Amino acid sequence: MSFVKSKVNTTPIEDTVFAIVKKAKEAKAAVGAENVVDATIGSLYNEEGTIVAFDSVFTPYNNIPKETKAAYAGSFVGNDSFRDQVYNWVVKPSGCSLAHSVIATPGGTGAVAITLSEILDEGETVILPEIAWGSYKLMATMDNLNVKTYSLFEGDHFNLTSFKETCKEVMKTQKKLLMIINDPCHNPTGYSLTIEEWKEVVAFLNECGKQVPVVLLNDIAYIDYAYDLPHSRDYMATFDAFSENVMAVIAFSCSKALTSYGLRCGAAVLLGKTQEIVRGVEIVFEKAARATWSNVPNAAMDNFTYVTTENYDTYMKEKAYYVDLLKQRSDIFTSEADACGLAYYPYKEGFFVTVKIEDNALRDRYHEALMAQHIYTVKVNKGIRVAVCSLSVDKTKGLAKRMKDILNSL
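Next comes the structure, spelled out in structure tokens:
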């Protein structure tokens with residue numbers, strides 16, 4: 001007997017990230033924090049080991065009247081001021097001129113989830129990178145979708161060949177394509193596609209669009225931590241070349257951009273050749289939003305709008321300090337990894353560097369060996385994720401060499 005729907009995966013969830021975070025905390029209590037390298041946490045931490053909560057974000061948030069915090073938002077699709085500002089923040093700097101709309105979501109996760117649930121029918125297949133945030137697959141499973149993966153890299157660049165082959169394979173059995181490209185600042189490798197790579201992707205999507213409707217889900221959760229921030233949105237201008245049978249959903253995370261992970265605020269930005277194309281998807285997303293979460297936090301939306309307009313200079317200055325710190329940490333880890341021969345996937349920018357372990361059985365043994373030396377990381381497919389976002393500069397120094405020595409001992 002079962003009290004849940006019959007077509008659902010009932011295997012208990014195993015969230016590897018939170019499980020290892022717990023082990024790292026226990027180790028700190030047992031042997032002292034100074035003797036533990038905790039590279040598990042996917043949030044920005046300062047040099048003192050405390051989560052970063054921008055003053056430029058939370059001071060104005062704390063000044064928002066309690067009545068505003070208590071109130072429902074102006075609409076279940078989000079406050080108009082928020083929706084306008086998300087577009088201005090995410091897309092407008094790129095010069096992309098496609099028709100558009102914005103739906104407020106609970107974090108970037110909400111934008112990904114609503115796209116998976118409303119674009120494909122049960123039993124259809126979503127195309128994911130083989131190295132990816134684990135929740136993509138979990139969401140697909142809960143929607144009774146199949147998953148087909150493409151190889152993310154060919155040498156030191158995006159594997160366009162595998163991406164194309166995977167899309168063509170899926171087109172043989174279904175009349176629609178939905179694929180996820182997490183870019184820039186890919187989680188967990190830190191790769192970002194070049195403009196030329198994006199042009200090739202768009203040209204290929206248009207080819208696919210001659211046969212089936214194509215939806216690109218572009219997850220940009222970490223975009224505001226790109227090292228070349230002024231040009232981080234430039235690639236979106238390549239979307240102007242979309243045919244009428246191709247559109248994009250951009251999953252944006254206020255949670256990441258504003259270091260407000262717990263406030264759960266984000267957006268799905270819809271982009272298409274015509275307003276009619278966008279409106280067709282918008283109608284379904286509107287109803288799904290109303291039926292699923294009903295409302296996104298009113299004050300969180302208002303605060304995003306305030307911080308990125310009236311408090312812009314203060315916010316950007318504060319964030320720039322931490323982006324520079326993030327770059328210091330990643331430069332230390334990657335340069336020392338290069339020096340000692342510790343292989344990692346192509347890294348350009350972002351919160352994570354992923355050590356390359358293509359044999360998952362070896363990866364599992366390696367992960368255990370690292371923990372035995374009080375180095376806590378997160379397993380991903382074909383690799384070990386190192387969260388440089390949460391490591392201090394001091395903890396980062398020498399880490400690559402220690403990891404290489406442990407790998408060599410297996």
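Just so you know, we're using UniProt numbering here: the sequence shown kicks off at 1 and counts up by one.
Don't be surprised by glycine CBs; every beta carbon is placed ideally from N, CA and C.
Note that this is a predicted model, so its numbers are computed, not measured.
Buried versus exposed call for residue i [16 or more other C-beta atoms within 10 Å across all chains shown]
{"i": "Ile195", "result": "exposed"}
{"i": "Thr305", "result": "buried"}
{"i": "Ser135", "result": "exposed"}
{"i": "Met179", "result": "buried"}
{"i": "Val202", "result": "buried"}
{"i": "Pro12", "result": "exposed"}
{"i": "Arg363", "result": "buried"}
{"i": "Ile283", "result": "exposed"}
{"i": "Phe3", "result": "exposed"}
{"i": "Thr238", "result": "buried"}
{"i": "Asn408", "result": "exposed"}
Inter-residue Cα distance where the pair is residue i and residue j
{"i": "Pro213", "j": "Glu244", "result": "9 Å"}
{"i": "Asn303", "j": "Ala288", "result": "25 Å"}
{"i": "Ser260", "j": "Cys254", "result": "7 Å"}
{"i": "Asp183", "j": "Met1", "result": "43 Å"}
{"i": "Ala369", "j": "Leu160", "result": "35 Å"}
{"i": "Gln275", "j": "Leu342", "result": "49 Å"}
{"i": "His157", "j": "Glu207", "result": "22 Å"}
{"i": "Asp394", "j": "Thr115", "result": "41 Å"}
{"i": "Leu98", "j": "Ser117", "result": "24 Å"}
{"i": "Ser81", "j": "Gly74", "result": "10 Å"}
{"i": "Lys28", "j": "Glu34", "result": "8 Å"}
{"i": "Pro106", "j": "Tyr72", "result": "14 Å"}
{"i": "Gly209", "j": "Met247", "result": "10 Å"}
{"i": "Gly49", "j": "Ser390", "result": "7 Å"}
{"i": "Asn381", "j": "Lys137", "result": "12 Å"}
{"i": "Asn46", "j": "Val17", "result": "20 Å"}
{"i": "Val215", "j": "Asp84", "result": "22 Å"}
{"i": "Ala267", "j": "Ile223", "result": "14 Å"}
{"i": "Val104", "j": "Ala337", "result": "Position check: residue 104 holds Ala in this sequence, whereas Val was assumed. Distance between the alpha carbons of Ala104 and Ala337: 40 Å."}
{"i": "Asp143", "j": "Lys273", "result": "28 Å"}
{"i": "Glu92", "j": "Asp219", "result": "First, the amino acid is wrong: residue 92 is Lys here, not Glu. Computed Cα separation, rounded: 17 Å."}
{"i": "Ala257", "j": "Thr141", "result": "28 Å"}
{"i": "Glu318", "j": "Glu14", "result": "36 Å"}
DSSP-derived helix/strand/coil call for residue i
{"i": "Lys356", "result": "strand"}
{"i": "Ser101", "result": "strand"}
{"i": "Phe242", "result": "coil"}
{"i": "residue 432", "result": "This structure gives no information on residue 432, because the portion of the chain shown stretches from 1 to 410."}
{"i": "Thr59", "result": "helix"}
{"i": "Ala248", "result": "strand"}
{"i": "Ala209", "result": "Contrary to the premise, residue 209 reads as Gly rather than Ala in this sequence. Helix at Gly209."}
{"i": "Gly110", "result": "helix"}
{"i": "Val17", "result": "helix"}
{"i": "residue 411", "result": "In this structure the chain extends from 1 to 410, so residue 411 is not present and cannot be described."}
{"i": "Leu44", "result": "coil"}
{"i": "Ser232", "result": "coil"}
{"i": "Leu342", "result": "coil"}
{"i": "Leu178", "result": "strand"}
{"i": "Val170", "result": "helix"}
{"i": "Ala289", "result": "helix"}
{"i": "Val31", "result": "helix"}
{"i": "Val90", "result": "helix"}
{"i": "Leu216", "result": "strand"}
{"i": "Ile127", "result": "strand"}
{"i": "Ser253", "result": "strand"}
{"i": "Val269", "result": "strand"}
{"i": "Asp38", "result": "strand"}
Residue i at chain B interface by Cβ criterion, 8 Å
{"i": "Ala104", "result": "Of the protein chains in this structure there is only one, and it is not chain B."}
Any non-hydrogen atom of the ligand PLP closer than 7 Å to residue i Cβ
{"i": "Val91", "result": "Among the ligands in the structure shown, none appear at all, so the ligand PLP cannot be discussed."}
Review point. Curious, which full-length beta strand (DSSP E) runs of at least 3 residues does the segment 139 to 167 contain?
Key: Look at the segment 139 to 167 and you find these whole runs of beta strand (DSSP E), each 3 residues long or longer: 146 to 150.
Exercise for review: Specify whether the segment 340 to 359 and the segment 8 to 22 touch according to this definition: at least 3 beta carbon pairs, one from each stretch, less than 8 Å apart.
Suggested key: They do not touch, by the three-pair rule.
Practice item. Report yes or no: do the segment 338 to 348 and the segment 189 to 203 share at least 3 C-beta pairs separated by less than 8 Å? Key: Segments in contact, yes.
Review point. If you scan the segment 345 to 410 from start to end, which runs of the alpha helix (DSSP H) of 4 or more residues do you find wholly inside it?
Key: Listed in chain order, the alpha helix (DSSP H) runs fully inside the segment 345 to 410 are 360 to 372, 393 to 396 and 399 to 408, counting runs of at least 4 residues.
Point to revise | Cβ pair count under 8 Å reaching 3, the segment 389 to 400 against the segment 27 to 42 | key: Touching, yes.
Practice item. Flag this pair as touching only if the segment 122 to 132 and the segment 148 to 156 have three or more C-beta atom pairs under 8 Å; answer yes or no. Key: By the Cβ test, the segment 122 to 132 is in contact with the segment 148 to 156, since at least three Cβ pairs between them sit closer than 8 Å.
Point to revise | Contact between the segment 282 to 296 and the segment 104 to 119 (3+ Cβ pairs under 8 Å) | key: Three or more Cβ pairs drawn from the segment 282 to 296 and the segment 104 to 119 lie within less than 8 Å of each other, which places the two stretches in contact.
Exercise for review: Decide yes or no for the touch test of the segment 19 to 26 against the segment 365 to 379: beta carbon pairs closer than 8 Å, at least 3 of them.
Suggested key: Contact between the segment 19 to 26 and the segment 365 to 379 is present, because at least three Cβ pairs lie under 8 Å.
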